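Undergrad: All the letters of the sequence shown, read from the start, carry residue numbers 1 to 368 under the UniProt record's numbering.
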Amino acid sequence: MPLKCNSFAATQWLSGLPSATAILLGPPAVEARSSGDGRGLGLFAVRDIPAFCQILSDAPLILMKPGEDLPELYKQFNGITKDDQEVYTSLSAHDNPARDALVKDKLLQRGFDQDELEQMAKVAGIMQTNAFNVDLQDGQGSCHRALFPNVARTNHSCAPNAHVCFYPPGDQSPRGRIVIHTLRQLRRGEEVLISYFNILLPRSERQSKAQKWGFDCRCTVCDEESPEHHRFERQRKVCREFTTRQTSLTQSNTATMKSINSMLEKGQLLVAEFESCAELFPAIPDLYDGLGMLRGKALMVQKREAQRQDVILDLEKSVTWEAKITGKDSPATQRRLQKLVQFAAKRRSNATPKIDADESGDLSLVWP
Ligand SMILES: [Zn+2]
């Protein structure tokens, strides 16, 4: 599954011992240690950490181009330092004897040395378990496979307290990097949990995705015995339905103001509910975007110029929420900002607003 810098496309996380590839911000805010419940290592806060803080930035240990195969992977593995190789081989791989046998068979056919097969199969298994697709924004889509050693041990929850985002290559990170931001305040000793897949999916689909990663999700949302299980599932269902209906309404040629207003009302209730649930924050930028689209539709139907400002307000919220969750410079924030600028340009000059933080860290947009 591709890792994109928006909402939930992140697939899989690992976690972190500091290594040469990691860019930790000041004193490390997190450490990798045993989860103590049979789930292996996890990432834990070493001090209280406020909401919307970047807690980890990690460069890929291995980055494979589209179409590259195990021999290229093994070559890269042999090209990294011994310390990094140790970090790599300390990562877990799901037991899959059938996969290993197939890999070894293929390697033998391609003339690889019998002595190397075991190690090559292990390297392949770790990559398969821990790497994910990333979009380097080089026009090839989410086709590169990357393994981030410090993100690699972060465990999953469908009610995450942190969010992951991939930044494509730039000056500071020539091969791209992955960052984790907190969604709410973390207490010292609390485990950092991220979602490997879209948490808005229904439970059955989340479970089948989790099983592909080799585990059964037993998070609070998936626990059917939990008194709040049905509320959690309902929130996700209502959000999926809103997105579907909002999209079809904004594309419809026969939308009436009555249907638009009814959908706006539903969307506003939903966003208010999501704004009080940290684990659902990553869905909020898209919700505000959806509200903006609906108000844009109302503008087309009624042609009341005052409605344009309402669209701008929703798109601004979409930008500031995305900036909180993925960072002010993330590709997702920049994309949302561009959308806002394009819309606002119809009334103002082609100015781009600045994302400003006040003393408490709250973000707002300042137009020039
Ligand atoms: Zn779950």
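Cβ atoms here follow ideal geometry from the backbone N, Cα and C, with glycine treated the same way.
Values in this document were obtained by computation on a predicted structure and should not be read as measured data.
Taking Leu193 and Phe281 to be in contact with their CB atoms under 8 Å, please state how far apart those CB atoms are, rounded to whole angstroms.
TA: Not a contact, Cβ separation roughly 13 Å.
Undergrad: Any heavy atom of ligand 1 closer than 6 Å to the beta-carbon of Cys239?
TA: Cys239: no, Cβ never under 6 Å from ligand 1.
Undergrad: Going along the chain, which residues of its own chain have a beta-carbon closer than 7 Å to the beta-carbon of Phe343, five neighbours each way excluded?
TA: Cβ neighbours of Phe343 beyond the five flanking positions: Val311, Ile312 and Leu315.
Undergrad: Under DSSP, the beta strand (DSSP E) around Cys165 begins and ends at which residues?
TA: Looking at the DSSP string, the run of the beta strand (DSSP E) that includes Cys165 is Ala162 to Tyr167.
Undergrad: For Tyr88, which of Lys122, Trp367 and Val103 has the nearest alpha-carbon?
TA: Out of Lys122, Trp367 and Val103, Lys122 has the C-alpha closest to the C-alpha of Tyr88.
Undergrad: Compute the Euclidean distance between the alpha carbons of Gln114 and Glu86, then round it to the nearest angstrom.
TA: Approximately 22 Å, taken between the alpha carbons.
Undergrad: With distances taken Cα to Cα, identify the nearest neighbour of Pro149 among Gly141, Arg177, Asp171 and Asn161.
TA: Of the listed residues, the one whose Cα sits closest to Pro149 is Arg177.
Undergrad: Residue range of the alpha helix (DSSP H) that Thr320 falls in?
TA: Start and end: Ala306 to Thr326.
Undergrad: The alpha helix (DSSP H) that contains Lys266, what's its start and end?
TA: Start and end: Met257 to Phe274.
Undergrad: Ordered along the chain, which non-local residues of its own chain (more than five positions away) have a Cβ less than 8 Å from that of Asp48?
TA: Closer than 8 Å at the Cβ level, and outside the excluded window around Asp48, lie Gln185, Leu186, Arg187 and Arg188.
Undergrad: Which residues in the same chain as Cys165 place their Cβ atom closer than 6 Å to its Cβ, once the five residues preceding and following it in sequence are excluded?
TA: Cys5, Val179, Thr326 and Ser330, listed in sequence order.
Undergrad: Taking only three categories from DSSP, how would you classify Asp69?
TA: The answer is coil: DSSP assigns Asp69 none of H, G, I, E or B.
Undergrad: Residues in its own chain within less than 6 Å of Val341 by CB, not counting five upstream and five downstream?
TA: Result list for Val341: Thr352, in chain order.
Undergrad: Let's see if you can read the secondary structure: which residues bound the beta strand (DSSP E) around Asp58?
TA: Per DSSP, Asp58 belongs to the beta strand (DSSP E) from Gln54 to Asp58.
Undergrad: Pull up the CB-CB distance for Arg239 and Ala278, whole angstroms please, since I reckon it's below 8 Å.
TA: Reading the sequence as shown, one finds Cys at residue 239 and not Arg. About 15 Å separates the two Cβ atoms, so there is no contact after all.
Undergrad: Can you tell me whether DSSP reads Gly199 as helix, strand or coil?
TA: Residue identity check: residue 199 is Ile in the sequence provided, not Gly. Correct three-state label for Ile199: coil.
Undergrad: So the alpha helix (DSSP H) Ser90 belongs to, where does it begin and stop?
TA: From DSSP, the alpha helix (DSSP H) with Ser90 extends over Lys82 to Ser90.
Undergrad: Sorted by chain position, which residues of the same chain lie with C-beta nearer than 7 Å to Lys328's C-beta, five sequence neighbours on each side aside?
TA: For Lys328, where only same-chain residues beyond five positions count, the Cβ hits under 7 Å are Ile355.
Undergrad: With hydrogens ignored, establish whether the beta-carbon of Cys158 is closer than 6 Å to any heavy atom of ligand 1.
TA: Answer for Cys158: yes, Cβ within range of ligand 1.
Undergrad: Measuring straight from C-alpha to C-alpha, what distance separates Asn155 and Leu43?
TA: Between Asn155 and Leu43, the C-alpha separation is close to 7 Å.
Undergrad: Less than 7 Å between the C-beta atoms of Tyr74 and Met120, yes or no?
TA: Contact: yes.
Undergrad: Taking only heavy atoms of ligand 1 into account, decide whether any of them is closer than 6 Å to the Cβ of Val164.
TA: No - ligand 1 has no heavy atom lying nearer than 6 Å to the Cβ of Val164.
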